[in-house]
Amino acid sequence: GQCITHCPVGALRERDDLNELVYAIADKKKVVVAQIAPAVRAAWGERFGLKREDATVKRLVAALRRTGIDYVFDTNFTADLTIMEEANEFIERLKNKDKYKFPMFTSCCPGWVRFVKYEYPELLPNLSTAKSPQQMFGAIAKTYYAQQLGVEPEEIYCLSIMPCTAKKYESQMACMDVTGTGPDVDSVITTREVGRLIRAEHIQLEHLKEEEFDEPLGCGSGAAVIFGATGGVMEAALRSAYYFLTGENPAPDAFKVVRGQDGVREAEVEIAGTKVRAAVVSGLGNTRRLIERIKKGEAEYDFVEVMACPGGCAGGGGQPIHDNLELAKERGDVLYELDAENEIRFSHENPAVQELYRSFLEKPLSHKSHELLHTDHSLGI
Ligand code: SF4
192 GQCITHCPVG ALRERDDLNE LVYAIADKKK VVVAQIAPAV RAAWGERFGL KREDATVKRL
252 VAALRRTGID YVFDTNFTAD LTIMEEANEF IERLKNKDKY KFPMFTSCCP GWVRFVKYEY
312 PELLPNLSTA KSPQQMFGAI AKTYYAQQLG VEPEEIYCLS IMPCTAKKYE SQMACMDVTG
372 TGPDVDSVIT TREVGRLIRA EHIQLEHLKE EEFDEPLGCG SGAAVIFGAT GGVMEAALRS
432 AYYFLTGENP APDAFKVVRG QDGVREAEVE IAGTKVRAAV VSGLGNTRRL IERIKKGEAE
492 YDFVEVMACP GGCAGGGGQP IHDNLELAKE RGDVLYELDA ENEIRFSHEN PAVQELYRSF
552 LEKPLSHKSH ELLHTDHSLG I
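Under full-length UniProt numbering, the first residue of the sequence shown is numbered 192, with each subsequent residue one higher.
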């Protein structure tokens, strides 16, 4: 499609990221593939004054198709993939405790990863080596999906729609180029920018019917959608770690003890006779205090989830801003509702992810998975 090539109001000139997207959409040789992060769906309608029940992710999918984007996919797909890799990595570390440093920290928030690199580089070995869902999506889009389409990686233009400004920096790191043809994720626009895009395109949201994501990278579980709320990555990882260790699913809400809005939360859970001491922290001030306590030996954990923004990505720096109003909790609640409504509550039950392993990656932590889905955090400081 070509409909945003001549923006009538000039708003698209406001940021390079939107400008570049406009050119990619106009370029007939490019296949434009978009991913929508979990937290975006809980906030994108706010600037249009849409009611939460009308501002569904399916309506956003329809709006994005009207801009000329070729395929609209879901970052939830690779949030599930992140859990497959990260939960198995955690188990591997638990089984070889003498070989690894504990606690293991999550690695999907680039604001946090950058903070570690600058402030606590000695903790880099504690970070999970799993890439973030955004970067896993880019790597899979330019390899597996490019093969499915029968195109070269450089013909794919991979766009991210994120609640986050730090994701722009993450996508441009030199190590995030698995095909050697350029960044896996070509550009990142925020929830606020996607609002400007829709407005500039004069898309009448009230007349727009909901549309489904494209397949196969549009399939995501309930465990994936809660990545957008503080505690969500931990909960999703525990659900699948339980399955990997016992061969049985826990009750989907068995680990809801890690939910909440307090800046630091702790929980001890038992999985197959193994005690897991978990902590969930959001906001970098809280994170610094937690790290200092760990360093002094005042606190000890096995697994820690860190999100730089208070309340997690739901309250991310790229989300709509409302004066004096903090919406992270309200948006997080939307994500937990979406999880509860989803037929699939476990990342390991995502059929599209299962197929990806069957036909392409082989298994979690395989050689190919390491090549495409993991990173060395000591690079790219
Ligand atoms: Fe980005 Fe904030 Fe989410 Fe981290 S917590 S990924 S900085 S929006």
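Glycine residues also receive a C-beta, built at the ideal position from the N, C-alpha and C atoms.
- Task: Would you mind stating whether glutamate 392 and arginine 257 have Cβ atoms separated by less than 8 Å?
- Result: yes
- Task: Please work out which residues of its chain come closer than 8 Å, Cβ to Cβ, to aspartate 368, disregarding the five sequence neighbours upstream and downstream, and give them in chain order.
- Result: Pro374, Asp375
- Is the beta carbon of alanine 228 less than 8 Å from the beta carbon of threonine 273? no
- Distance, asparagine 267 Cα to alanine 215 Cα: Each residue's Cα considered, the two are about 24 Å apart.
- Message: Quick check on asparagine 279: buried or exposed, where buried means 16 or more other Cβ atoms within 10 Å of its Cβ?
- Response: buried
- Of the choices Gly302, Ala230, Leu209, Arg468, whose alpha-carbon is the least far from that of proline 511? Ala230
- Coarse secondary structure for leucine 314, derived from DSSP in three states: Per DSSP, reduced to three states, the secondary structure at leucine 314 is helical.
- Item | Near the ligand SF4: alanine 215 beta-carbon under 7 Å from a heavy atom | Incorrect: alanine 215 has no Cβ contact closer than 7 Å to the ligand SF4.
- Query: Quick one: what's got a C-beta closer than 6 Å to cysteine 194's C-beta in the same chain, skipping five residues either side?
  - Reply: Because cysteine 194 sits at a pLDDT of 46, beneath the cut-off of 50, its placement in the model cannot be relied upon, and the point is left open.
- Query: leucine 255 and valine 263: beta carbons closer than 8 Å?
  - Reply: Going by beta carbons, leucine 255 and valine 263 fall inside the 8 Å limit.
- Message: Within the continuous beta strand (DSSP E) that includes valine 223, where are the two ends?
- Response: 222-227
- Task: Give the straight-line distance between the Cα atoms of asparagine 533 and serine 412, rounded to the nearest whole angstrom.
- Result: 7 Å
- Item | methionine 498 CB to nearest heavy atom of the ligand SF4 below 7 Å | Because some heavy atom of the ligand SF4 lies under 7 Å away, the Cβ of methionine 498 counts as near it: yes.
- Residue range of the unbroken beta strand (DSSP E) whose run includes lysine 466: 465-473
- Item | Rounded Cβ spacing between valine 222 and valine 307 (contact assumed at less than 8 Å) | That belief does not hold up - the Cβ atoms of valine 222 and valine 307 are roughly 35 Å apart, past 8 Å.
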